[in-house]
Structure formats: structure tokens, C-alpha cells
Amino acid sequence: KATHPISGKPFLKLSGDLSTIQFDETSNIVYGKTGKDINYCVKSYTVTAKTDTPNQKSFTLKRTDLTSNGFDLLLTVSLCPDSIVRVKIDDPAGKRFYVPDSSVNSKFCDVTAKRNDEATVADFVTVSADGSAFSLQIHEFQNPDNVYFKINDDSLIMTEYYLNLNVQINTNQKIYGLGERVTDFFLKEGIYTTWAMDQTDPIDDGKPPGKNIYGTHPVFFTRANTGSKYHWGMLNLNANAQDTKVTL
Numbered sequence: 001k002a003t004h005p006i007s008g009k010p011f012l013k014l015s016g017d018l019s020t021i022q023f024d025e026t027s028n029i030v031y032g033k034t035g036k037d038i039n040y041c042v043k044s045y046t047v048t049a050k051t052d053t054p055n056q057k058s059f060t061l062k063r064t065d066l067t068s069n070g071f072d073l074l075l076t077v078s079l080c081p082d083s084i085v086r087v088k089i090d091d092p093a094g095k096r097f098y099v100p101d102s103s104v105n106s107k108f109c110d111v112t113a114k115r116n117d118e119a120t121v122a123d124f125v126t127v128s129a130d131g132s133a134f135s136l137q138i139h140e141f142q143n144p145d146n147v148y149f150k151i152n153d154d155s156l157i158m159t160e161y162y163l164n165l166n167v168q169i170n171t172n173q174k175i176y177g178l179g180e181r182v183t184d185f186f187l188k189e190g191i192y193t194t195w196a197m198d199q200t201d202p203i204d205d206g207k208p209p210g211k212n213i214y215g216t217h218p219v220f221f222t223r224a225n226t227g228s229k230y231h232w233g234m235l236n237l238n239a240n241a242q243d244t245k246v247t248l
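In terms of full-length UniProt numbering, the sequence shown has 231 at position 231, counting the first letter as 1, and numbering is strictly consecutive.
(1) Taking just the CA atoms, how far does residue 127 sit from residue 47?
(2) Could you compute how far the alpha carbon of residue 172 sits from the alpha carbon of residue 60?
(3) Give me, in chain order, the residues of the same chain whose beta-carbon lies closer than 6 Å to that of residue 175; leave out the 5 immediate sequence neighbours on both sides.
(4) Using the DSSP secondary-structure output, state which residues sit across from residue 191 in a beta bridge.
(5) Going by beta-carbon coordinates alone, are residue 79 and residue 50 separated by less than 9 Å?
(6) Assuming residue 45 contacts residue 149 under a Cβ cut-off of 8 Å, what Cβ separation, rounded to an integer in Å, is found between them?
(7) Output the boundary residues of the beta strand (DSSP E) element that contains residue 220.
(8) Report the residue from 103, 125, 98 and 230 whose alpha carbon sits nearest the alpha carbon of residue 239.
(9) Go ahead and label residue 27 buried or exposed: buried means 16 or more other beta carbons lie within 10 angstroms of its beta carbon, across all protein chains shown.
(10) Taking the C-alpha atoms as reference points, what is the distance between residue 154 and residue 9?
(11) Checking the sheet assignment: what are the DSSP bridge partners for residue 147?
(12) Does DSSP put residue 90 in a helix, a strand or coil?
(13) Should residue 56 and residue 121 be called a contact, given that it needs their Cβ atoms to be closer than 9 Å?
(14) Can you tell me which of the three DSSP states residue 327 falls into?
(15) Give the range of the beta strand (DSSP E) segment to which residue 164 is assigned.
(16) What's the gap between the Cα of residue 179 and the Cα of residue 86?
(17) Can you tell me which of 111, 248, 114 and 71 puts its alpha carbon nearest to the alpha carbon of residue 95?
(18) Given a cut-off of 9 Å, decide if residue 157 and residue 246 are closer than it, judged by their beta-carbon atoms.
(19) Is residue 166 buried or exposed, if buried means 16 or more other CB atoms sit within 10 Å of its CB?
(20) Under a Cβ-count criterion, where at least 16 other Cβ atoms within 10 Å of its own Cβ denotes burial, should residue 224 be classed as buried or exposed?
(21) Evaluate residue 118 with the Cβ neighbour count: other Cβ atoms within 10 Å of its Cβ, from every protein chain shown; 16 or more gives buried, anything less gives exposed.
(22) With the cut-off set at 9 Å, would you say residue 108 and residue 81 are in Cβ contact?
(23) Between 229, 177, 54 and 189, which lies nearest to residue 112 when the distance is taken from Cα to Cα?
(24) How about residue 76 and residue 102: do their beta carbons lie closer than 9 Å?
In C-alpha cells form, the structure reads like this:
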């Protein structure tokens with residue numbers, strides 16, 4: 001039995017056989033009693049197609065879990081000039097803060113612009129079928145088997161003040177980026193801080209005491225493992241303080 005240090009109310013109770021967990025405290029803790037081991041932190045979403053044009057597709061991601069945190073999401077996938085794919089995950093309720101379009105070149109991804117080729121967004125992106133668990137894959141042009149980047153259903157957690165995104169990268173090459181540093185150019189395993197404001201000695205290599213970093217650049221690059229073996233990169237345009245955990 002555990003008690004909240006401020007309110008004095010019990011919020012966790014374990015039975016003798018350890019098969020039942022009971023939550024009795026409110027304030028972002030879910031009421032519930034279950035004999036199963038359920039992770040209440042991990043969201044789960046099902047996909048419903050909303051709009052479909054050659055250069056842009058949008059989907060509704062509907063929560064399937066029973067938790068009270070988080071909300072349904074709007075996923076928009078666009079094919080921009082120069083074979084740039086833009087993946088935008090929105091909170092339709094407008095609770096989250098996003099980088100304003102006025103602060104970036106909002107016209108860099110004009111899906112109405114005339115293209116010099118006949119490529120469509122489906123040539124680069126595969127989203128799971130309607131009614132199924134959410135997954136997204138960005139792959140080589142017209143080659144879905146050569147996946148560059150993948151997001152699974154259980155890897156996305158998005159609330160008003162918190163965003164967690166786990167991605168799988170198809171590469172056995174070096175990864176580089178995430179701002180300037182005084183350590184090795186190529187990223188090793190560790191946690192990389194990409195919010196340097198007011199930090200005199202942030203950890204940029206995942207191991208204390210850390211080294212100074214000189215910029216906040218939430219973008220990384222690598223080389224595809226198979227197929228054309230192009231170099232490619234991903235920019236996480238996010239205004240939050242960020243920790244990027246690299247696991248090789």
C-alpha cells in the first residue's frame with residue numbers, strides 16, 4: 001500500500017497474490033482494478049482515412065485505450081518538392097503549442113504546386129489500413145520493402161504537455177546530427193539534449209558530466225542500409241525541450 005506524500009490518500013494497493021492493482025487516487029491517475037498487467041501510459045490508435053489527394057493524405061487516429069489522458073489525433077502526410085515527405089501529427093482540440101508557420105517557410109511544402117514528375121505521396125509513404133492499428137512507414141520511391149523510417153502503434157504518446165515518439169531506422173551506417181558538440185561527430189548510444197537554453201553544461205553524449213553544445217538542432221541524418229543507399233535526414237519540428245535517446 002502506498003500513500004500520497006501531500007494529500008495522505010492511498011493511491012496504490014497490491015493484493016497478496018500480486019495479480020491485482022487498484023488505483024484509488026485521482027489527478028491524472030486512472031480509476032481501475034484489473035487482474036491483467038496493463039500499461040496505462042502507452043496509447044493505442046486505430047486509423048481512419050479522411051482525405052486523399054495525389055500529394056497529400058490525412059487520417060484520423062482514434063484512441064482505443066481506456067485512459068483519460070491524451071486525445072484523438074489528426075495525421076497529415078504530404079509530398080513536398082525535392083522528394084521531401086512531411087508528416088504532421090495534430091491535436092484537433094488545439095491544446096498543444098506548435099511552432100507557428102510564420103516562423104518557418106510555410107510555403108516549402110506546397111502540395112498544390114505543379115511537379116516535374118508524376119510521383120505521389122503513396123510512392124514514399126505507407127499507412128496501415130482503415131480500422132487497423134496505426135503504423136506509418138516512409139520508404140524508398142516505389143519500393144515499400146526498403147523502409148527508411150517506421151512508427152509503430154505503441155510508440156506514439158501525445159498529450160497536452162508531453163510527446164514521446166519511438167522510431168525505427170533502417171540503417172547499419174553511422175548517424176549524425178542533433179546539433180554541434182565537442183565529442184565525436186557520429187552519434188553513439190546515449191541521451192542527447194537539444195534544448196541548450198539556460199544550461200551551462202548540458203549532456204550531449206548521454207554520459208555525465210557532459211560537454212557543452214552550441215546549437216539546438218533536432219535533426220539527424222544517416223544512410224539507407226539497402227536499395228539506393230541514399231543519405232536522408234529527419235527534422236523533428238517541435239518547440240518542446242527535447243531529449244533524443246539513441247539506441248544502436
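C-beta: ideal position from N, C-alpha, C; glycine also.
Straight from the coordinates:
(1) 8 Å
(2) 33 Å
(3) The answer, listed in chain order, is 187, 220 and 222.
(4) 245
(5) Not closer than 9 Å, so no.
(6) With a Cβ gap of about 18 Å, residue 45 and residue 149 do not count as contacting.
(7) Segment 219-223, the beta strand (DSSP E) holding residue 220.
(8) 98
(9) Legend: pLDDT at residue 27 = 44, less than 50; position of this residue unreliable, value from coordinates given subsequently. Per the 10 Å Cβ criterion, exposed.
(10) 32 Å
(11) 139
(12) DSSP places residue 90 in the strand class (E or B) of the three-state scheme.
(13) yes
(14) With the chain covering only 1 through 248, there is no way to say anything about residue 327.
(15) Per DSSP, the continuous beta strand (DSSP E) segment holding residue 164 begins and ends at 163-165.
(16) 21 Å
(17) 71
(18) Not a contact, by the Cβ cut-off of 9 Å.
(19) Residue 166 should be labelled exposed.
(20) buried
(21) exposed
(22) yes
(23) 54
(24) no
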